[in-house]
Each structure stands twice: as structure tokens, then as C-alpha cells.
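Participant: Protein chains in written order, with our numbering: chain A, 5 to 122; chain B, 338 to 447. For each residue, glycine too, the CB sits at the ideal point set by N, CA and C. The structure displayed is predicted, hence computed values, not measured ones.
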Amino acid sequence: EVHLVESGGGLIQPGGSLRLSCAASGFTVDSNYMNWVRQAPGKGLEWVSVIYSGGRTYYADSVKGRFTISRDNSKNTLYLQMNSLRVEDTAIYYCAKDLLGTGYFDYWGQGSLVTVSS
Amino acid sequence: QSALTQPASVSGSPGQSITISCTGTSSDVGGYNFVSWYLQRPGKTPKLMIYEVSYRPSGVSDRFSGSKSGNTASLAISGLQAEDEAHYYCSSYTSSRTLVFGGGTKLTVL
């Protein structure tokens with residue numbers, strides 16, 4: 005059975021850094037398209053980043069240069085390193101598995117709340 | 338990477354049919370048949386309802402259907418039921434190899 009469990013969220017001051025983790029089970033992260041999607045409180049979904057099975061990475065313009073997606077195959081875990089955090093980065097961050105690499109999100113984690121505030 | 342445009346809200350009575358539109362550009366919706374639709378209920382994670390414009394994942398009711406014309410995709414729901422009340426989001430693959438979501442549509446079943 006597939007499970008995705010995020011961790012690492014919390015309260016951080018503007019300009020700070022945080023690393024989110026997404027532990028996967030039931031499949032291997034390095035064989036799939038793994039994404040981060042966020043949702044600000046009471047707002048809609050916003051795609052953040054993807055890492056392909058081959059290792060290529062892509063980012064939304066809103067986080068490019070500040071966020072880095074990566075994975076540890078030995079731990080079967082996906083990461084999102086978030087630097088230079090802004091108030092507008094406040095959101096629930098979900099990791100999601102994309103079966104086809106085209107927006108077929110078949111599994112989602114429960115989400116990790118990141119609050120950027122002074 | 339501007340968000341796709343969806344109506345903020347739609348409504349319908351039980352048994353009726355509704356349609357939700359999702360408008361993008363030739364660099365996303367119009368350029369690829371990679372439009373997906375998600376249903377999200379309060380406090381829950383999104384659920385995939387339609388992928389690649391018009392395909393339903395296993396287990397999704399055939400009351401849900403998708404289509405596309407030019408830069409606009411549409412989700413149709415027939416035979417509205419109270420359980421259909423939720424937020425609906427479209428997404429599209431883009432020419433930058435990224436994904437983009439719509440702003441979301443709140444469906445109210447009257």
C-alpha cells in the first residue's frame with residue numbers, strides 16, 4: 005500500500021530556511037515523478053516543483069532560486085529545501101506522486117504546514 | 338506561469354448538470370492534452386477525477402466527464418448529488434515542463 009508522510013513544517017521567520025521531508029512507502033521515489041504542491045490557508049492549489057526519475061528538476065517561478073527539490077533513494081524520501089522564506093510562502097505543503105508526469109497525481113501526503121511570520 | 342482561469346463558483350440542483358470551465362493559453366491547456374481535474378473537500382487532500390482531458394481513473398463515476406476546445410477545458414457533472422459539493426481544480430502540463438493549477442471553483446448543490 006502506498007503512503008506518503010510529510011514532516012518538517014513549522015513556524016519560521018521571514019528570510020529563514022526550512023527543509024520538508026516526505027517519506028514514501030509502497031513504491032520507490034526514484035522511479036516516479038515526485039512533486040510538491042502547496043495550498044495557502046483558504047486558497048487554491050499551487051504547484052511548486054517536480055523531480056523526474058532521471059533526476060531533472062523543475063520549479064514554479066514563484067520559488068525558483070529559493071527552493072530545491074531532492075531525494076534520498078536509500079531512505080526512499082523526497083525533500084524540499086526552502087530558503088529565503090517569505091510570508092507568502094505560508095501554506096500546507098503536500099508531496100504528491102504523479103503517475104504519468106503530466107498531472108496524474110494518484111497519491112498525496114497529508115500535508116505539512118509551514119507558517120512564515122515574524 | 339499564470340494560474341488557469343476558473344469561475345469562482347457554480348451551483349446546481351440535485352439531478353441537474355453543470356459545467357466548469359478552465360481557460361489557459363496555447364502554452365498549457367491549448368498545447369497539450371494533459372489537463373486534469375481534482376475534487377477537494379474541506380480538510381481533505383485532492384482526489385483525481387479526470388486526467389488527459391477526458392479519461393476517468395478507475396473508481397470515478399461516469400457522471401464526471403472532461404473535454405477541451407482550444408485553450409479551454411471543461412468538466413461536466415451530470416445527475417448532481419449532494420456529495421458532489423466541493424472545490425474543483427483543473428491543472429495542465431506546460432511548455433516549460435511545469436504544471437499549473439486553476440484558481441478553483443466551489444460547487445454548491447442547492
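Kindly list, in the order they appear in chain A, the residues whose Cβ is closer than 8 Å to that of S391 of chain B.
Facilitator: Residues of chain A passing the Cβ test: none, with the nearest at roughly 13 Å.
Participant: Candidates A:G107, A:S21, A:N36 and A:E10: which alpha carbon is nearest R123 of chain A's?
Facilitator: This structure cannot settle anything about residue 123 of chain A, because the visible part of chain A is limited to 5 through 122.
Participant: Is the Cβ of Y401 of chain B closer than 8 Å to any Cβ of chain A?
Facilitator: Per the sequence shown, residue 401 of chain B should be read as Phe rather than Tyr. Closer than 8 Å: no.
Participant: Does DSSP classify S391 of chain B as helix, strand or coil?
Facilitator: Reduced to three states, the DSSP call for S391 of chain B is coil.
Participant: Do T360 of chain B and L376 of chain B have their C-beta atoms within less than 8 Å of each other?
Facilitator: Result no, Cβ atoms of T360 of chain B and L376 of chain B do not sit closer than 8 Å.
Participant: Determine which residues of the stretch 37-55 of chain A have a Cβ less than 9 Å from any Cβ of chain B, and write them out in chain order.
Facilitator: Within the stretch 37-55 of chain A, the qualifying residues are N39, V41, Q43, K47, G48, L49, E50, W51, S53 and V54.
Participant: What in chain A is Cβ-close to Y426 of chain B, meaning under 7 Å?
Facilitator: Here the neighbours are G48 and L49.
Participant: Would you kindly check if the distance between the Cβ of S88 of chain A and the Cβ of G12 of chain A is under 8 Å?
Facilitator: The answer is no: Cβ separation not under 8 Å.
Participant: Whose C-beta lies closer than 6 Å to the C-beta of C26 of chain A among residues of the same chain, with five residues either side of it excluded?
Facilitator: Result list for C26 of chain A: L8, E10, L82, C99 and G113, in chain order.
Participant: Counting C-beta neighbours from all protein chains within 10 Å, is the total for N77 of chain A 16 or more, i.e. buried, or is it exposed?
Facilitator: So N77 of chain A ends up on the exposed side.
Participant: When you compare only the Cα positions, how much space is there between V372 of chain B and S122 of chain A?
Facilitator: Their Cα atoms are separated by approximately 38 Å.
Participant: Looking at the secondary structure, which residues open and close the beta strand (DSSP E) in which E10 of chain A lies?
Facilitator: Start and end: H7 to S11.
Participant: So, is the C-beta of T106 of chain A closer than 8 Å to a C-beta in chain B?
Facilitator: Cβ-Cβ to chain B under 8 Å: yes for T106 of chain A.
Participant: Where are the beta strand (DSSP E) runs, 3 residues long or more, that stay fully inside the stretch 389-427 of chain B, in chain order?
Facilitator: Here the runs fully enclosed are 401-406 and 409-414.
Participant: Within the chosen definition, does the stretch 47-67 of chain A reach the stretch 421-433 of chain B through at least 3 CB pairs nearer than 8 Å?
Facilitator: Yes: the two stretches touch, three or more of their Cβ pairs being nearer than 8 Å.
Participant: Does S29 of chain A come out as helix, strand or coil in the three-state DSSP assignment?
Facilitator: Residue state, collapsed to three classes: strand.
Participant: Using only alpha-carbon positions, find the residue among B:S433, B:G396, B:D421 and B:S350 that is nearest to V366 of chain B.
Facilitator: The shortest Cα separation from V366 of chain B among B:S433, B:G396, B:D421 and B:S350 belongs to B:S433.
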